[in-house]
Amino acid sequence: MEWREGEETRMGKNGYLPLFETRPARGLVFFRSYAASIFIGICFICFHRVSYFPVTERWVWVGMFVAELWFSFYFFVTVIVKWNPVFRSTFKDRLSSRYEEEELPGVDIFVCTADPRLEPPTMVVSTVLSVMAYDYPPHKLSVYLSDDGCSDLTFYALLEASGFAQLWLPFCRKLKVEPTSPEAYFQTTPEPVDDAFMANEWLIIKKTYEDMKTRIGSMTRLGKVPADIRKEHKGFDEWDFVVSRHDHPSILQILIDGRDPNAIDIEGKALPYLAREKRPQIHHNFKAGALNALIRISSRISNAPFILNVDCDMHSNDSKAIRDALCFFLDEENGREIGYVQYPQTFGNLTKNEIYGSLRVVMKLELAGFDGNGGPCYIGTGCVHRRESLCGMKYSKELVVEWKAMKYDRKIIEKASSIEGNCKALASCTYEENTPWGKEMGVKYGCVVEDILTGICIQSRGWRSVYLTPQREAFLGMVPTTLLDTLVQHKRWAEGDFQIFQSKLCPFVYQVLGACHICMSSLSTAFTVLWNLYGWEAQSEVG
Ligand SMILES: O=c1ccn([C@@H]2O[C@H](COP(=O)(O)OP(=O)(O)O[C@H]3O[C@H](CO)[C@@H](O)[C@H](O)[C@H]3O)[C@@H](O)[C@H]2O)c(=O)[nH]1
Ligand SMILES: [Mn+2]
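Letter 128 of the sequence shown, counting from 1, is numbered 128 in the UniProt record's numbering, and no numbers are missing.
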């Protein structure tokens, strides 16, 4: 499939205007001339090494030549990655005029958290509230929180947030609030002074938010939920069976507003909390295991055809981001082969010179290069997947979904309490035994960078992926701020990528020889795996 410039004005074969356009990067001629000049230099060096062979110290000569060949190879791989970057933009107005609100597909949002000490519950709920406030039909959106820390503190925070959402979501709609994370909003936006009525409401919401934050904060410092609060929601009873965070049964609670025991929705949005079962003798597969449990649980509760997953430290910064992603999936001409749409990881706390790490180059340039060569890898957060692609299905031309006819609606036939009981087994730690979960289905196990590996597998099943870098960042997260934290994170990534490099899924072997994908794409992926070899050295520094 090829997308070219000017296609926004071209009518598709089926008579529809495209929902997105693709532009090549500007100024490529300079980069390509620079690359060509280095290539000529490499040719001269090789010619020199071969044509002149010294009589003495021959091994030094050979050693130098081998080193030069290695660097030349690395140079080629990096050049190929940057050879053809593309940038995408969407036409959300066309999406809205083509699809009535009722015809839009459902979207399930997964937020992952794992430790209330490292990921404070106040931050987690701000992220949850930010994604609940997406500008999307409320009854088509479900937000799932996966708590691998199995903490009643996180549960308490979510319960508080579900109450606050009743104020926050209508407020976001009325004021067209951006960003929709209350924490980020009140930090960055001044009080509206020109409208006394609005200013008053603004102050009330801010005060309510701050009170909630103080309550959650003091509870977190206390380290436990007091008995009188535990009595307020039956969900806390589940913690009577929790031995420790590594030893407990599944807890699934579809959160309800404490004042209305019959309402299972908050403004039409479902908000389930899940702490999957953990037992000390059974490996839980970290985030990949959490995501797979969520895929199964959500398939019973809302079963939306699209899944957005975010880490709890990455809040939504653009309430239209879901519509942007859908412009790709719902495009009549090219949409059906797209398996996932990846947003960049952008950070609110980056310094101008970004002295640690090199994420800006990766996010701004390299992943756009991947996109031009066949599709970016999946980087774990800020990614919208088609449920089928994540569940292991192969791409097939016959797979055409009539979204309009489907009229997705999350029919909650069962009562929340019976869903909670019936679905728990799907999150038990033995459920996956002798099943393809973690191998052919869902997020892959056995690799520290489960996201990269899962992305490679989805692509090798014939799906394409898309990288979208909108002007307004769709998500804002936190980057480690100390050298030690950065080294630890890069060590983990380096380890994971090196694991893939050594495995039978090594992109050089698996994709090039397997001819599953175009060569450029595999070289791009191989590059991710390779740049981490450089991080390898850093490992010895941190142990
Ligand atoms: O057992 C676990 C461990 C982690 N997490 C969650 O996974 C996310 C990422 O983990 P983190 O420790 O923050 O790793 P990072 O290095 O910051 O994560 C980057 O790298 C990971 C591995 O490539 C990706 O999964 C992430 O999305 C990406 O942001 C967080 O939300 C955690 O809460 C779990 O749910 N269960
Ligand atoms: Mn993180």
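Glycine residues also receive a C-beta, built at the ideal position from the N, C-alpha and C atoms. Model, not experiment: these values are computed from the prediction.
Considering just the uninterrupted stretch of the beta strand (DSSP E) at residue i, what are its terminal residues?
i: L308; result: 306-311
i: D108; result: 107-113
i: S142; result: 141-147
i: G339; result: 338-342
i: T90; result: 86-90
i: S465; result: 464-467
i: L274; result: 272-275
i: L252; result: 251-254
Within 10 Å of its beta-carbon, does residue i have 16 or more other beta-carbons around it, so buried, or fewer, so exposed?
i: D108; result: buried
i: V400; result: exposed
i: F347; result: buried
i: D152; result: buried
i: E473; result: buried
i: R281; result: Checking the sequence shown, residue 281 turns out to be Gln, not Arg. Q281 is exposed by the Cβ-count criterion.
i: M406; result: exposed
i: G372; result: buried
i: E101; result: exposed
i: G380; result: buried
i: I338; result: buried
i: W70; result: exposed
i: T127; result: buried
i: H315; result: buried
i: V124; result: buried
i: R464; result: buried
i: T481; result: exposed
i: L367; result: buried
i: W202; result: buried
i: R26; result: exposed
i: K207; result: exposed
Just to confirm my understanding: we take residue i, look at its own chain, exclude 5 residues before and 5 after, and list those with CB closer than 8 Å. What are they?
i: P436; result: G392
i: G15; result: none
Who are the Cβ neighbours of residue i in its own chain at under 6 Å, not counting the five residues just before and after it?
i: W3; result: In this predicted model, W3 has a pLDDT of only 49, less than 50, meaning its place in the structure is not dependable enough to derive any value.
i: K424; result: S250, L252
i: I322; result: V107, Y134, Y136
i: C516; result: Its pLDDT being 40, under 50, C516 is placed unreliably in this model, and the value from its coordinates should be taken loosely. The answer, listed in chain order, is S460.
Taking the alpha helix (DSSP H) that residue i falls in, what are its first and last residues?
i: H490; result: 483-502
i: A227; result: 227-230
i: Q182; result: Note that residue 182 is Pro in the sequence shown here, rather than Gln. Where P182 is concerned, the enclosing alpha helix (DSSP H) stretches over 182-188.
i: I458; result: 450-460
i: I204; result: 196-222
i: Q471; result: Element bounds for Q471: n/a, residue is neither H nor E.
i: P121; result: 121-132
i: A161; result: 152-175
Compute the beta-carbon to beta-carbon distance between residue i and residue j, rounded to the nearest angstrom, for a pair I have assumed lies under 8 Å.
i: K394; j: R336; result: About 13 Å separates the two Cβ atoms, so there is no contact after all.
i: V177; j: V143; result: Incorrect: roughly 17 Å between the Cβ atoms, too far for contact.
i: A325; j: V341; result: 4 Å
i: S146; j: L274; result: 5 Å
i: I254; j: P121; result: No, I254 and P121 are not in contact; Cβ-Cβ is about 19 Å, not under 8 Å.
i: L390; j: I456; result: That belief does not hold up - the Cβ atoms of L390 and I456 are roughly 13 Å apart, past 8 Å.
i: D148; j: A290; result: 5 Å
i: L167; j: I205; result: 6 Å
i: R245; j: L426; result: Their Cβ separation, rounded to whole angstroms, is 20 Å, which puts R245 and L426 out of contact at 8 Å.
Leaving aside the five residues before and after residue i along the sequence, list all residues of the same chain whose C-beta is less than 7 Å from its C-beta, in chain order.
i: V225; result: D152, L153, Y156, M219, F236
i: C327; result: L19, F20, T90, F91, K92, L95
For ligand 3, is there a heavy atom less than 7 Å away from the beta-carbon of residue i?
i: D311; result: Among the ligands modelled here, namely ligand 1 and ligand 2, ligand 3 does not occur.
I'd like the ranges of any alpha helix (DSSP H) spanning at least 4 consecutive residues and lying wholly in the stretch 361-406. 367-372, 387-390, 403-406
To test your reading of the DSSP string, which unbroken alpha helix (DSSP H) runs of 4 or more residues are found completely within the stretch 20-73? DSSP runs (the alpha helix (DSSP H)) wholly in the stretch 20-73: 28-51.
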